[in-house]
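Novice: Residue numbers (full-length UniProt numbering): 1 to 324.
Sharing a structure with you now.
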């Protein structure tokens, strides 16, 4: 390691795989219930790699959209597919016919469901297992859009609808003028043990701040960031932007004590300590003065103190261990 770098190393977490597993598990159960096929989280890719199930699903979504149009007409706010997909049901894995099926499904997603490129996948992502994440995100987005015109939705999408409805009620926003068929699917949330499960996820000596605001809603860290948390089977899920993450993976990315392998330039660390001392050796704003420590500065200090990796620098600047 170069002399001008100091590594803060912790045991790696496997949570980056957990959130993908949780989404696959939800999708597999949803497809199994919809089509009565032999599919679960362990064989999901194998069950879909010929593209036949995907194309059949596209045709089913188109059928439901057609029923919606017959009952309510075209709705400006909702992208409604009007054409299905031609496919070969007997295609074998990794053959030209399988690739053609998958390609037809991808084209249908783009043209008829208006799925954006950032949420799309390529044929090789499924056939050669190059990028399961993109494939899973695309399926979730198709389900999300189809739920707006009455298609049965995975549990994750139902949780999204529940959170959106909660936000709408809090902000006292008017209900959208949409046909009854497109109303959010109601479900009962399991929040009985949620708070306990949330707090058990952080086992650091200095616990990452997570303040319960209301059922399923928390304020995290030193900021005013609010997150929505829900239980999905054995996973604690966090609503992040337009998608989902597991709480475990979310903490790995935001809790400084969970860093896996971070190299901090010694000059950067030293500069932050100097800045900290000049401010009066406090992480709190001084009375009547704005706080000069940036969030990045605070994270560097926390990395150092939590991991006790820079004893010489910490001693030089007399950083108390109880700082955090």
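All C-beta atoms, glycine included, are put in the ideal place defined by N, C-alpha and C.
Give the C-beta separation of residue 98 and residue 136 to the nearest angstrom, bearing in mind that I take them to be a contact with Cβ-Cβ under 8 Å.
Specialist: Counted from its first residue, the chain shown places residue 98 at position 98. Counted from its first residue, the chain shown places residue 136 at position 136. Going by Cβ atoms, the distance from residue 98 to residue 136 rounds to 19 Å, so no, they are not a contact pair.
Novice: Can you give me the start and stop residues for the beta strand (DSSP E) that residue 56 sits inside?
Specialist: If you number the chain shown from 1, residue 56 lands on position 56. That residue, residue 56, is in no beta strand (DSSP E); its alpha helix (DSSP H) goes 52-72.
Novice: Let me know the secondary structure DSSP gives residue 212 once reduced to three states.
Specialist: As a position in the chain shown, residue 212 is number 212, starting the count at 1. If DSSP states are grouped into helix, strand and coil, residue 212 belongs with the strands.
Novice: Just mark residue 39 as buried or exposed, buried being the case when its beta carbon has 16 or more other beta carbons within 10 Å.
Specialist: By one-based count along the chain shown, residue 39 stands at place 39. Classification for residue 39: buried.
Novice: Does the beta-carbon of residue 35 have 16 or more other beta-carbons within 10 angstroms, so that it is buried, or is it exposed?
Specialist: By 1-based counting over the chain shown, the position of residue 35 is 35. Flag for residue 35 reads exposed.
Novice: So residue 132 packs on residue 115, CB below 8 Å; how close in whole Å?
Specialist: As a first step, residue 132 must be located in the chain shown, where it is residue number 132. As a first step, residue 115 must be located in the chain shown, where it is residue number 115. About 17 Å; that fails the 8 Å criterion.
Novice: Return the first residue and the last residue of the beta strand (DSSP E) that residue 238 is part of.
Specialist: Taking the chain shown and counting its residues from 1, the one referred to as residue 238 is at position 238. Counting along the chain, the beta strand (DSSP E) containing residue 238 begins and ends at 235-240.
Novice: Determine, using beta-carbon pairs with one atom in the region 40-51 and one in the region 18-29, whether at least three such pairs fall under 8 Å.
Specialist: As far as the Cβ criterion goes, the region 40-51 touches the region 18-29, which means the pair count is three or higher.
Novice: Going by DSSP, what residues sit across from residue 217 in a beta bridge?
Specialist: In the chain shown, counting from the first residue as 1, residue 217 sits at position 217. Its beta-bridge partners are 214, 228.
Novice: For residue 250, which residues from the same chain have a beta carbon less than 6 Å from its beta carbon, with the 5 sequence-adjacent residues on both sides left out?
Specialist: In the chain shown, residue 250 corresponds to position 250, counting from 1. If we look at residue 250 and ignore the five residues flanking it on each side, its Cβ neighbours are 238.
Novice: Got a sec, what are the start and stop residues for the beta strand (DSSP E) residue 114 sits in?
Specialist: Here residue 114 refers to the residue found at position 114 of the chain shown. Careful: residue 114 lies outside any beta strand (DSSP E) and carries neither H nor E.
Novice: Does DSSP put residue 245 in a helix, a strand or coil?
Specialist: The count along the chain shown starts at 1 and reaches residue 245 at position 245. Three-state DSSP puts residue 245 in a strand.
Novice: Which residues in the same chain as residue 49 place their Cβ atom closer than 7 Å to its Cβ, once the five residues preceding and following it in sequence are excluded?
Specialist: Position 49 of the chain shown holds residue 49. Around residue 49: 93, 98, 126, 127.
Novice: Out of curiosity, what's the CA-to-CA distance linking residue 252 and residue 67?
Specialist: On the chain shown, position 252 is the one that residue 252 refers to. On the chain shown, position 67 is the one that residue 67 refers to. Those two C-alpha atoms are separated by around 45 Å.
Novice: In terms of residue numbering, what span does the alpha helix (DSSP H) encompassing residue 153 cover?
Specialist: To locate residue 153, count along the chain shown from 1; it is residue 153. From DSSP, residue 153 is part of no alpha helix (DSSP H); its letter is neither H nor E.
Novice: Please report the distance separating the alpha-carbon of residue 219 from that of residue 71.
Specialist: Residue numbering aside, residue 219 sits at position 219 when the chain shown is read from its first letter. Residue numbering aside, residue 71 sits at position 71 when the chain shown is read from its first letter. So the two alpha carbons sit approximately 43 Å from each other.
Novice: Short check: CB of residue 152 to CB of residue 108, under 8 Å?
Specialist: Taking the first residue of the chain shown as 1, we reach residue 152 at position 152. Taking the first residue of the chain shown as 1, we reach residue 108 at position 108. No, the Cβ-Cβ distance between residue 152 and residue 108 is not below 8 Å.
Novice: Assuming residue 156 and residue 23 form a contact by the criterion Cβ under 8 Å, report the distance between their Cβ atoms to the nearest whole angstrom.
Specialist: Residue 156 sits at position 156 when you count from the first residue of the chain shown. Residue 23 sits at position 23 when you count from the first residue of the chain shown. Right, their Cβ atoms sit about 7 Å apart.
Novice: Between the Cα of residue 331 and those of 80, 123, 104, 19, spot the shortest distance and give me the residue it belongs to.
Specialist: Shown here, the chain extends from 1 to 324; a query on residue 331 therefore has no answer.
Novice: Could you compute how far the alpha carbon of residue 281 sits from the alpha carbon of residue 221?
Specialist: Sequence index remark: in the chain shown, residue 281 carries index 281 (1-based). Sequence index remark: in the chain shown, residue 221 carries index 221 (1-based). Low confidence applies to residue 281: its pLDDT is 47, below 50, so where it sits in the model is not reliable, and the reading given next is rough at best. Going from the Cα of residue 281 to the Cα of residue 221 covers about 20 Å.
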